[in-house]
Each structure stands twice: as structure tokens, then as C-alpha cells.
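Undergrad: The listed protein sequences correspond, in order, to chains A and B.
If you read the first sequence in this note's numbering, its first letter stands for residue 4, the second for the next number, and so on.
If you read the second sequence in this note's numbering, its first letter stands for residue 15, the second for the next number, and so on.
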Amino acid sequence: MSSHFRAVSAALIAMVALPSCDRETRENRGKPLPESVPGIVGDPRAAEYEGNAFHIAQGQRYYVWMNCNGCHAHGGGGMGPPLMDAEWRYGGSMEQIVDTIREGRPNGMPSFDQKLSEQQMWQLAAFVRTLSAQPRQDALPGRADEMSNIEPRTLDERRPVERTSPAADQARPR
Amino acid sequence: MRRLLPGLAAVALVACEGRQSVTGGDGLHSGQFNSLFLIFLLVTAFFYLLVIAFLVAAVVRRRGRAEDRPEKSGGEGGFRLILIGWVALVALGLTGLTAASYFSDAAAGGARPANAIRIAVTANQWWWDVRYLDPVPANTIRTANELHLPVGVPVHIQLKSNDVIHSFWVPNLAGKQDLIPGRITDITLIPRKEGLYRGQCAEFCGLQHAHMALDVTVEPMETFEAWRRSQLRPAPPPATPLAVTGYNYIMTQECSACHNISGTPASGQVAPDLTHIASRRSIGAGTFPMSRGHLYAWIADPQSAKPGNHMPYVGLEPHELHGVVAYLETLK
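This is the structure in C-alpha cells:
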């Protein structure tokens, strides 16, 4: 039981403890937040939900539970427009997607106001954004709920993250 | 060692509690497993004692000094006989154990009896979705986190999972069977004794794995049929003004997006069916006993009651909360 041994084991234990420093916190309850104002870009919640693996995974559940795939398929579109391309009829930012889910849109998109909690809508929007591969690649869920003939979207190795700039988001027609 | 003993005794005591007990033997298959365990215990104990006896004899007799040993040992024949006997005994014991294990396995995994009641259980994080299947679709019952079984009648349960691997385990009635996403597995139960039992998910499935229980009621056939008929009835319309408030909230707001209440517009399919929630023994998959207080706590803030479960925090106003609980309590 030399001091050597003790020092090495202390260092090892410290190393084991270290990963917990960088852990993503799970916000189970959702903060009681005020209603967001429709159409506003720059809601602080957008950043909070978008890159968060837990919220994206929850959104993925709701996507099937709320039958989004009934019209949008798993991103490819059907009766509803596809969600995996760069075309957004009503804007493709987090805030605008939440707005679309909450208010509904003409020609078939129902309103989920008062059907989903505020947090669930943000989680759903976070997942919808992943369909067009916009958020962080390392936050994407490894599991898929649908049959697919492509590789899982989680990447084997880390790539530099390409983000669309907020300016480009703004410039797009809403 | 003296300090360890009470701990060991406590571990052993866990098996004694009646409602969830591996040694209960209240089902045909768990009874068979109990006999199998007893056979293994007796055979292995016999061999253990035999080996210990030989060891003790060897120590006691000791090997004599070299000068004491006779020129030519006379015991060669006897030794060979003992060796042959020993090998034969081991072979016999192992064959017996293999046969016992094979036969109880075969009985547990045997063909499903023709008169079996058919049930489909789907596991979710962290609750059990239960459907009593019937050739007539209108007679299919959907409930959650509870099983009612008539005593003595075989029950064939089809097992599916919606998310991760779970395991169906009612220790009093039978062994475990895993529920694997994308596959259908099955298990047959034959309850032999009336009573209340507790099933438990037996495969770690996430945060609330421990709170994923199943209330099993084994009852006489008439009681079971009465329960079945009551479950087939749609929900009664709300009678009091308070219950009407709750009814209106559930039908028009978040609740009905996920929950189903037969006979009303609430038709969500992704959360436990609430048509007869007040007739169940517990809420939240065995997390709390069914009571007004626990219903309030659960609906007001499900994430404190069972953190991580998929019911979101809705944030009802007090009058809405009173109404929703009042209405749910009428759903017998």
C-alpha cells in the first residue's frame, strides 16, 4: 500500500469523476415559462433546446406519438411538405417551427395549442430541425423509429459543425 | 461474520414477502420451478456433503510416514471400486439434473392451451399497456398496469415493447420473459391460487425501472367475468358540475392528446387508458396506491411524482385540477 499506489488510484478516481462535469442536465419538468410571442426570432429557448440530445430524443417520440409522420412521413413528406429539405413555407428557425406547431397552418396542419405543453413543442421543433441535419451532429439520436435504407444519422467520427448563420435564416422568405 | 449475518438474513427475507415472491409457487410454472430448485438443492447438497466428508476423512487419517508404509499396498482394488462408484454417482447426478431441467423447461415452453385467455402486453417506459384480446373486436379490453386472471385457467400473454428491452415477471406465477422491441415473445401462466400479486419489470429499462410494476389479481371465474363486463362499459358521463369542469378540460386540452377514455372524444393511444382508472389498485405503474391525494399529486406535477416519466408538467389551475380529479374518480 505505497503512497505511489494511493496517488495513482486517486488520479484514476479523479479521471472517472471528470466526465460528470460535462454532463448535459435533464430538464424533466420544463420551466414554467411565459407564452412566447408568435413569429419572434431570437427566443432564448431556441438555443437551449436545439443542441440538446435529451430534448431531441423526446421530440422524436412525440413526432410519432402525435402522428406527425402521418402527413410528413419521417421527414420525406407525403400529404404534408417534407421536413428534410431546405424549403420552409413558414420559416425553418426553431421559433417559427414552434409557431407552426402551436398555431397550425392552412391546408391541413392542425394546431397543437393546448394539446402539447410548451416544452413538448420546443422538443418537437428540436427534432424537426434534426431532420434536415441542422443541429449539432453529436446530439442526434442514434436510434431511428422508422425503417430506413441509409446508415444511422449519427456520425462515426466528429465533423466540424456547420451551422446556418442566423443572418441566412432571416434572409430566407418566411 | 457476526455483523454480516443479519444482512444476509435480510436478503433472504425479501423472498418471503407474499405478493412478490420467487418461492410463492402460486402458478403452475412457478410451482414447477420450485420443485426443480428443490431437486437441484438436494442433489448438489448431497454431493457437497460427500466431498466434504472425504476431505475430513483424509485430514483425519493423514498420510503415514514413509517407514510406516507397508512394502506393497493391498488397497488397490478397493480404491478402484471407490473411484468407479464416484464417477458413476456423478454421472447419475448430472443426468438426473439435466433431465429435471429439461422437463420443467419443456413444460414451461410448451404449446399454448386451446382454451387459454389471450392477452397482449406492451411495455413502455415505464408502464404496461394491457389488452385482453377477443375474436370480437368490440369485446377487446384495454387497461394499464394491471392483470385480472381467473384461477386455474391458462393465460397466454403476447409480449411486445415500444422502446427498449423490458422483462415481464410475476414471480409468484412464472419465470421471466423479455420484451424486445421489434419482436413478439410470449409466456403462458396458469395461476393456481387466488390472491393479489405484484409483477415487476426485470430488465433495467431506464430511470424509473424500479417503478414499473404490474398489479396482478387472481380471482374466481365469476369475479373475473364481472370485472370483464365492467371493463367493457364506456365511461359514464360526468354528473356533478365539478366533474363536468374536469371532463371539459380533459376533452379539450392536453390530456386527450395522449390518453384514451372510451365513450368520450379522448382517444389518444400513447398513454395509459383511463376509462376505468379509479377501479385500479395503483397509479403510475405501481408507484402510488390509488387515492385522491396521489391523483392530485400526480396530475399537478407528474415529474416530482415519478421523475422522467413521459407525462409532461401541464401546470393546471387549481379549479381545473379539482375538476380533473373529480372526473377521474368517477371512472370506476
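Backbone N, C-alpha and C fix where the C-beta goes; we use that ideal spot for every residue, glycine too.
Between the alpha carbons of residue 260 of chain B and residue 301 of chain B, how many angstroms are there, rounded?
TA: The straight-line gap from Cα to Cα measures roughly 24 Å.
Undergrad: Among the residues of its own chain, which have a CB less than 6 Å from the CB of residue 48 of chain A, if the five just before and after it don't count?
TA: For residue 48 of chain A, where only same-chain residues beyond five positions count, the Cβ hits under 6 Å are 125.
Undergrad: What first and last residue would you give for the alpha helix (DSSP H) that runs through residue 74 of chain B?
TA: That run of the alpha helix (DSSP H) goes 42-75.
Undergrad: Does the beta carbon of residue 217 of chain B sit closer than 8 Å to a beta carbon anywhere in chain A?
TA: No - not a single Cβ of chain A is within 8 Å of the one on residue 217 of chain B.
Undergrad: CA-CA distance, residue 93 of chain B and residue 99 of chain B?
TA: If you take the alpha carbons of residue 93 of chain B and residue 99 of chain B, they lie about 10 Å apart.
Undergrad: Go ahead and label residue 318 of chain B buried or exposed: buried means 16 or more other beta carbons lie within 10 angstroms of its beta carbon, across all protein chains shown.
TA: Burial call: exposed.
Undergrad: Measuring straight from C-alpha to C-alpha, what distance separates residue 171 of chain B and residue 109 of chain A?
TA: Spanning the two alpha carbons is a distance of roughly 45 Å.
Undergrad: With which residues is residue 64 of chain A paired in a DSSP beta bridge?
TA: Partner(s): none; residue 64 of chain A has no beta bridge.
Undergrad: Does residue 64 of chain A pass the burial test, meaning 16 or more other C-beta atoms within 10 Å, or should it be called exposed?
TA: The residue in question, residue 64 of chain A, is buried, as its Cβ has 16 or more Cβ neighbours within 10 Å.
Undergrad: Inspect the beta-carbon positions of residue 153 of chain B and residue 246 of chain B and report whether they are closer than 8 Å.
TA: Their beta carbons are under 8 Å apart, which means residue 153 of chain B touches residue 246 of chain B by this criterion.
Undergrad: Determine the contact status of residue 83 of chain A and residue 75 of chain A, defining contact as a CB-CB distance below 8 Å.
TA: Cβ distance < 8 Å, so residue 83 of chain A and residue 75 of chain A count as in contact.
Undergrad: Taking Cβ-Cβ distances shorter than 9 Å, what residues in chain B pair up with residue 119 of chain A?
TA: Residues of chain B passing the Cβ test: 268, 271, 326.
Undergrad: Quick check: the Cα distance between residue 205 of chain B and residue 55 of chain B, rounded to an integer number of angstroms?
TA: Using only the alpha carbons, I get a separation of about 25 Å.
Undergrad: According to DSSP, simplified to helix, strand and coil, what is residue 328 of chain B?
TA: If DSSP states are grouped into helix, strand and coil, residue 328 of chain B belongs with coil.
Undergrad: Chain A partners of residue 321 of chain B, CB-CB under 7 Å?
TA: Chain A residues near residue 321 of chain B: 31.
Undergrad: Residues in the segment 99-131 of chain A with C-beta within 8 Å of chain B's C-beta atoms, listed in sequence order?
TA: For the segment 99-131 of chain A, which is checked against every Cβ of chain B, the residues closer than 8 Å are 115, 117, 118, 119, 120, 122, 123.
Undergrad: Return the first residue and the last residue of the beta strand (DSSP E) that residue 214 of chain B is part of.
TA: Start and end: 209-214.
Undergrad: How about residue 143 of chain A and residue 59 of chain A: do their beta carbons lie closer than 8 Å?
TA: Yes.
Undergrad: Could you confirm whether any beta carbon from chain A is found closer than 8 Å to the beta carbon of residue 338 of chain B?
TA: No - not a single Cβ of chain A is within 8 Å of the one on residue 338 of chain B.
Undergrad: Determine the contact status of residue 183 of chain B and residue 299 of chain B, defining contact as a CB-CB distance below 8 Å.
TA: No, they are not a contact pair.
Undergrad: Does the segment 213-228 of chain B come close enough to the segment 180-194 of chain B that 3 or more CB-CB pairs lie under 8 Å?
TA: Yes, since at least three Cβ pairs between the segment 180-194 of chain B and the segment 213-228 of chain B fall closer than 8 Å, the two stretches touch.
Undergrad: Distance, Cα to Cα, residue 129 of chain A vs residue 180 of chain B?
TA: Distance between the alpha carbons of residue 129 of chain A and residue 180 of chain B is about 28 Å.
Undergrad: Would residue 34 of chain B and residue 212 of chain B qualify as a contact pair, given that the criterion is a beta-carbon distance under 8 Å?
TA: Contact flag set, yes.
Undergrad: Have a look at residue 115 of chain A and residue 266 of chain B and give me their C-alpha separation to the nearest angstrom.
TA: So the alpha carbons of these two residues sit roughly 11 Å apart.
Undergrad: In chain B, which residues lie with their C-beta within 7 Å of the C-beta of residue 91 of chain A?
TA: By Cβ distance, chain B contributes nothing, its closest Cβ being about 25 Å from residue 91 of chain A, past 7 Å.
Undergrad: Any idea what DSSP makes of residue 228 of chain B, helix, strand or coil?
TA: Reduced to three states, the DSSP call for residue 228 of chain B is strand.
Undergrad: With a cut-off of 8 Å, does the C-beta of residue 222 of chain B fall near any C-beta of chain A?
TA: No, residue 222 of chain B does not count as interfacial toward chain A.
Undergrad: If distances are taken between C-alpha atoms only, which option among B/272, B/278, B/345 comes closest to residue 325 of chain B?
TA: Cα-wise, what sits closest to residue 325 of chain B is B/272.
Undergrad: Can you tell me where the alpha helix (DSSP H) holding residue 14 of chain A begins and where it ends?
TA: Per DSSP, residue 14 of chain A belongs to the alpha helix (DSSP H) from 6-20.
Undergrad: Identify each residue in the segment 62-87 of chain A for which the Cβ-Cβ distance to at least one residue of chain B is less than 8 Å, and report them in chain order.
TA: From the segment 62-87 of chain A, only 64, 68, 69 have a Cβ closer than 8 Å to chain B.
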